[in-house]
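Under full-length UniProt numbering, the first residue of the sequence shown is numbered 1, with each subsequent residue one higher.
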Amino acid sequence: MDKSQLEMLAEQLGASEQEGKLWRKLLLAAVSGATGNNLRETLREPLLGLLQELGETALGEKLKLVIERVPTFPTDELLPLVLELCGELSHDREQVVRRLEDMLSELATPIIRIWSEVLLVPLIGSLDTDRAQAMAERLLERASSTRAKVVVVDVTGVPMIDTAAGGFLIEMFSAVKLLGAEVILTGFKPEIAHTLVKLGIDFRMVAIARDLEDALRKAIAMLEEEKRQRR
């Protein structure tokens, strides 16, 4: 098959101008006479572009047509390369999904530094085990890096906390205390209080505030007391 015939085939295969360019580049590379690693490298770029444009299934269907129409097409080199690139793209997609999940987790449970030594954690929505664990890990890291003296946890927007998530919260409060910070809880509903009491929370390790305004007043008082003790 000469160059003009390859150009026509690329035009037939390409549903868009960009796809047509990629097919043209792939077909010309395939019949360029390159072998071994040189052939793999010349095939790699257009093949990766076509995978991203079409996806595995659609590309596979079009490659069948190419192999039928171009007898000299280097199938032995192409198929392993397709599998390799599919694996790389799948790994990249998994990493993107994980990054998005982490981003959404951070957005769902923000940790706000409201003063130099005070962190606010406003919880909104149901608190299940996975979310509680992720929040605990992030809060401990943030409390340590900022050397926070007070952590205010506002559960006003939480309709319920399951038993396992409640257990994570209690462990988190203990860990925050070990880092040298005080914990203030606010926004309690009867259901949440019942869950934490049932789990055996020691309310001596946390301060309870009526609302966020009261919690912030308590935080200021704690900071002032801590400064007095250092004098």
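Beta carbons: idealized from backbone N, C-alpha and C, even for Gly.
Cβ distance (whole Å) where ILE161 is taken to contact THR195 below 8 Å: Residue mapping note: residue 161 aligns to position 161 of the sequence shown, counting from 1. Residue mapping note: residue 195 aligns to position 195 of the sequence shown, counting from 1. Indeed they touch by this definition, with Cβ atoms about 5 Å apart.
Local conformation of ALA34 per DSSP, three classes: What you label residue 34 is simply residue 34 of the sequence shown in a count that begins at 1. Note: ALA34 maps to coil in three-state DSSP.
Limits of the unbroken beta strand (DSSP E) element including LEU120: Taking the first residue of the sequence shown as position 1, residue 120 is located at position 120. Counting along the chain, the beta strand (DSSP E) containing LEU120 begins and ends at 118-124.
For THR186, three-class secondary structure by DSSP: On the sequence shown, residue 186 is found 186 positions in, with the first residue counted as 1. DSSP places THR186 in strand when its eight states are reduced to three.
Ordered list of beta strand (DSSP E) runs contained in the region 146-227, each at least 3 residues: Counting only runs of 3 or more, we get 150-157, 182-186, 207-209.
Length of the line joining the Cα atoms of residue 249 and LEU123: Nothing about residue 249 can be reported from this structure: the residues present for the chain run from 1 to 231 only.
Same chain, Cβ closer than 6 Å to GLY49, five either side skipped, listed in chain order: Here the question's residue 49 lines up with position 49 in the sequence shown. Around GLY49: LEU22.
ILE111, DSSP secondary structure in three states: Locating residue 111 in the sequence shown gives position 111, where the first residue counts as 1. Coil at ILE111, not helix or strand.
Alpha carbon of ALA209 to alpha carbon of ASP202, nearest angstrom: One-based indexing of the sequence shown puts residue 209 at position 209. One-based indexing of the sequence shown puts residue 202 at position 202. Approximately 16 Å, taken between the alpha carbons.
CB contact flag (LEU223, LYS149, <8 Å): Residue mapping note: residue 223 aligns to position 223 of the sequence shown, counting from 1. Residue mapping note: residue 149 aligns to position 149 of the sequence shown, counting from 1. Less than 8 Å separates the beta-carbon of LEU223 from that of LYS149.
Span of the alpha helix (DSSP H), counted from its first residue to its last, around THR57: Locating residue 57 in the sequence shown gives position 57, where the first residue counts as 1. Looking at the DSSP string, the run of the alpha helix (DSSP H) that includes THR57 is 56-69.
Buried/exposed call for ALA29, threshold 16 Cβ in 10 Å: The residue you call residue 29 lines up with position 29 of the sequence shown. Flag for ALA29 reads buried.
Validate contact between the region 34-43 and the region 4-13 using beta carbons, cut 8 Å, 3 pairs: no
Opening and closing residue of the alpha helix (DSSP H) in which ALA10 lies: The residue you call residue 10 lines up with position 10 of the sequence shown. Its alpha helix (DSSP H) spans residues 3-13.
Spatial distance of LEU65 from LEU59 (CA atoms): Reading the sequence shown from its first residue, position 65 is the one you call residue 65. Reading the sequence shown from its first residue, position 59 is the one you call residue 59. Rounded to whole angstroms, LEU65 and LEU59 show a C-alpha spacing of 10 Å.
Proximal residues to ILE114 (C-beta, below 6 Å), its chain only, five neighbours per side dropped: On the sequence shown, residue 114 is found 114 positions in, with the first residue counted as 1. Contacts found: LEU120.
Strand pairing of LEU47, partner residues [DSSP]: As a first step, residue 47 must be located in the sequence shown, where it is residue number 47. Note: LEU47 sits in no beta bridge, so no partner.
PRO74, buried or exposed, once every other Cβ within 10 Å from all chains shown has been counted against 16: Along the sequence shown, one-based indexing puts residue 74 at 74. Its Cβ being crowded by 16 or more others within 10 Å, PRO74 is buried.
VAL183 and ALA207 closer than 8 Å at C-beta: On the sequence shown, position 183 is the one that residue 183 refers to. On the sequence shown, position 207 is the one that residue 207 refers to. Their beta carbons are under 8 Å apart, which means VAL183 touches ALA207 by this criterion.
Closer than 8 Å to chain B by CB, LEU50: Reference to chain B is not applicable here, since this structure consists of a single protein chain.
GLN18 versus LEU78: straight-line alpha-carbon distance, rounded: Working through the sequence shown from its first residue, we reach residue 18 at position 18. Working through the sequence shown from its first residue, we reach residue 78 at position 78. Each residue's Cα considered, the two are about 21 Å apart.
When GLU88, GLU68, GLY33 are compared against residue 237, the one with the closest alpha-carbon: It is not possible to answer for residue 237, since the shown part of the chain is limited to 1 through 231.
Proximal residues to MET135 (C-beta, below 6 Å), its chain only, five neighbours per side dropped: Translated into positions along the sequence shown, residue 135 becomes position 135. The residues are THR109.
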